[in-house]
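Student: Please find one structure pasted underneath; my questions will follow.
There are 2 protein chains.
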Amino acid sequence: MASRRPYRRESEERRRDDLIAAALDLVAEGGLHAATVRAIADRAGVTPGLIRHYFSSKEDLTRVAYHRLMEQMTADSAAVLQDGPEDATARLANFVVASVSPPVADPVAVGLWAAFVHDVRRDTEMRHVHTTNYLSFRNMLQGLIAALPRAVNDRQLLCDAIACNGVIDGLWLEGSILPEAFEPGEIASIALTSVGAILNVNLVAAYQPDRTTP
Amino acid sequence: MASRRPYRRESEERRRDDLIAAALDLVAEGGLHAATVRAIADRAGVTPGLIRHYFSSKEDLTRVAYHRLMEQMTADSAAVLQDGPEDATARLANFVVASVSPPVADPVAVGLWAAFVHDVRRDTEMRHVHTTNYLSFRNMLQGLIAALPRAVNDRQLLCDAIACNGVIDGLWLEGSILPEAFEPGEIASIALTSVGAILNVNLVAAYQPDRTTP
DNA sequence: TATCTTGTTATACGGTTGTGTAATTCAACG
DNA sequence: CGTTGAATTACACAACCGTATAACAAGATA
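The listed protein sequences correspond, in order, to chains A and B.
Going letter by letter, the first sequence gives residues 5 to 218 in my numbering.
Going letter by letter, the second sequence gives residues 5 to 218 in my numbering.
Below is the structure:
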């Protein structure tokens with residue numbers, strides 16, 4: 005006699021998006037083990053069975069969710085380059101600061117990212133996603149460095165990109181995991197100084213805070 | 005009629021050590037979800053019930069295991085400073101290289117470390133362990149930097165330590181997760197160059213490879 | 001309004017999880 | 001050598017996991 009739960013039919017894209025978002029939400033809140041099939045479905049407002057209708061397995065959903073997360077993080081970084089200054093040094097400075105500031109640097113984002121590290125090492129497909137996004141970010145950085153008014157060969161340029169990427173990643177990590185251990189703006193300031201020192205360029209002076217939101 | 009499994013009584017310390025080691029082993033191999041009570045006990049050569057005899061809960065064991073892991077990683081870093089050269093610049097150079105080389109930099113170690121990041125954010129006690137070890141490492145680094153023959157104030161010294169720590173952590177991370185993306189020694193070389201650039205010291209020239217194992 | 005497709009729910013199943021409790025057997029002690 | 005205490009095993013239990021399958025109903029089509 006009990007009537008079935010009423011529902012609405014949604015587009016495949018919408019449902020997949022909702023399920024992926026719900027999965028990432030739960031991983032961010034409670035770690036990988038909190039993102040169970042039932043919890044994900046509940047968060048997305050559907051019943052558990054629907055997950056297997058849109059994803060061949062939970063592992064499939066996990067992979068897709070990781071893909072989505074990495075896309076988002078790379079897009080957040082790239083967004084800074086839109087509507088920025090034209091001066092090459094200023095562009096690099098803004099990019100560096102953005103990479104170690106919210107929303108890119110964020111405790112939740114780091115927790116989310118870390119949750120997948122082990123799977124990245126194990127799963128070929130996930131490792132491919134990771135490599136692609138890592139190189140994408142580094143190439144963005146390398147492009148900005150190459151545009152600087154200084155003369156270096158290709159070999160040196162690559163080393164510079166790796167080194168600067170290292171500083172950024174390290175500060176991103178520490179600032180996100182232990183935000184209370186640093187004063188506001190301290191990480192950004194240190195990032196500018198050290199990347200500038202590696203490239204022998206004054207990034208502190210070139211940095212132009214965002215003026216698009218007055 | 006079935007006889008019970010024979011066993012030997014061991015000291016509390018030995019049993020706790022075995023269980024912790026087994027737990028870390030399993031997390032390294034298969035992620036946090038692989039370290040179940042039964043799997044840990046099996047790996048340690050005991051039955052599952054024994055875990056609850058030495059640890060009040062599985063969460064308790066997890067915390068202790070994380071503590072042990074961090075102690076080990078810090079100890080590995082500090083070990084480099086034993087039996088090293090006396091010259092301050094050379095000591096720093098050796099420390100930097102060791103921090104981004106095996107066994108400190110290692111895919112398994114990173115996977116292990118990442119598995120606990122989420123819990124660190126959530127659990128107060130684990131966050132305390134993390135903070136302690138992070139500051140311990142950074143202070144070691146700061147001590148090495150302070151010994152360099154150059155004049156800087158305390159404020160600058162702290163910033164230098166944070167920055168250098170950032171480079172090291174970032175390169176440690178990338179070199180460990182994507183070891184095949186770099187040539188042998190490339191990460192170490194870049195680490196020396198960039199830390200040297202930040203501190204305005206020639207670390208490449210000062211680096212003295214270990215001569216204790218000819 | 002009647003029909004059909006399929007998105008969605010409902011339910012069942014075997015396996016696994018962490019935990020609680022009682023039964024054993026080891027090893028030290030008198 | 002018998003006794004005793006506790007380290008260890010054995011077992012039970014409820015909750016939860018991911019998956020499979022069948023029944024239903026929503027909404028487009030005619």
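All residues carry an ideal CB built from backbone N, CA and C; glycine is no exception.
1) How would you label A/E178, buried or exposed, when you count the other beta carbons within 10 angstroms and need 16 or more for buried?
2) What number of angstroms, rounded off, separates the C-alpha of A/H71 from the C-alpha of A/V133?
3) Give the range of the alpha helix (DSSP H) segment to which A/D46 is assigned.
4) The segment 98-109 of chain A: which residues have C-beta closer than 7 Å to a C-beta of chain B, in chain order?
5) Under 7 Å Cβ-Cβ, which residues of chain B neighbour A/E187?
6) With H, G and I counted as helix, E and B as strand and the rest as coil, what does DSSP make of A/P89?
7) Any contact between the segment 128-144 of chain B and the segment 69-89 of chain B? By contact I mean 3 or more CB pairs, one from each, below 8 Å.
8) For a cutoff of 7 Å on Cβ pairs, would you count B/V171 as touching chain A?
9) Please give me, in chain order, every unbroken run of the alpha helix (DSSP H) with length at least 4 that falls completely inside the segment 110-167 of chain B.
10) Does DSSP put A/L182 in a helix, in a strand, or in coil?
11) Which residues of chain B have a Cβ atom closer than 9 Å to the Cβ of A/A150, listed in chain order?
12) What first and last residue would you give for the alpha helix (DSSP H) that runs through B/S193?
13) At 8 Å on the CB atoms, spell out the chain B contacts of A/I44, in chain order.
14) Just the chain B side, please: which residues come within less than 7 Å of A/L182 by C-beta, in chain order?
15) Is A/R13 helix, strand or coil when you go by DSSP?
16) In its own chain, which residues sit with a C-beta less than 6 Å from the C-beta of A/A79, not counting the 5 before and 5 after it?
17) So with CB distances below 7 Å, who are the chain A contacts of B/L175?
18) What does the alpha-carbon distance come out to for the pair B/A25 and B/A69?
19) My guess is that B/A165 and B/R142 are in contact by the Cβ rule of under 8 Å, so how many angstroms apart are they, rounded?
20) Hey, quick one: how far does the alpha helix (DSSP H) through B/V68 stretch, first residue to last?
21) Taking 7 Å as the CB-CB limit, is A/G147 close to chain B?
22) When DSSP labels each residue in this structure, what does A/E33 get in the three-state scheme?
23) Taking C-beta to C-beta, are A/L152 and A/N169 nearer than 7 Å?
24) I want to know whether the segment 95-112 of chain B touches the segment 195-203 of chain B - three or more CB-CB distances under 8 Å.
25) Just the Cα atoms here: how many angstroms apart are B/S61 and B/R13?
26) Shorter than 7 Å from the beta carbon of B/I202 to some beta carbon of chain A?
27) Measure the C-alpha to C-alpha separation of A/R20 and A/I55 and round it to an integer number of angstroms.
28) Hey, could you find the ends of the alpha helix (DSSP H) B/G53 is sitting in?
29) Is B/I24 helix, strand or coil by DSSP?
30) Would you mind working out which of B/T128, B/A210, B/A192, B/G200 sits nearest B/S106, comparing C-alpha positions?
31) With a threshold of 7 Å between beta carbons, is B/G35 in contact with chain A?
32) Expressed to the nearest angstrom, what Euclidean distance is found between the alpha-carbon atoms of A/E63 and B/D173?
33) With a Cβ-Cβ cutoff of 7 Å, do A/A48 and A/D29 count as a contact?
34) Kindly indicate the opening and closing residues of the alpha helix (DSSP H) around B/A220.
35) Check whether chain B comes within 7 Å of A/I55, counting only Cβ atoms and requiring the distance to be less than that.
Tutor: So, from the data block:
1) buried
2) 6 Å
3) 41-48
4) none
5) Chain B residues near A/E187: none, gap ~11 Å exceeds 7 Å.
6) coil
7) yes
8) yes
9) 111-119, 121-126, 128-150
10) coil
11) The premise fails here: A/A150 is roughly 17 Å from chain B at the closest Cβ pair, so nothing lies under 9 Å.
12) 190-203
13) Neighbours of A/I44 on chain B: none; closest Cβ ~16 Å, over 8 Å.
14) T135, Y138
15) coil
16) none
17) G170
18) 8 Å
19) 6 Å
20) 62-83
21) no
22) helix
23) no
24) yes
25) 21 Å
26) yes
27) 9 Å
28) 53-58
29) helix
30) Residue identity differs from the one stated: residue 106 of chain B is Pro in this sequence, not Ser. That would be B/A192, whose Cα lies nearest to the Cα of B/P106.
31) yes
32) 30 Å
33) no
34) Outside the shown range of chain B (5 to 218) lies residue 220 of chain B, about which nothing can therefore be said.
35) no
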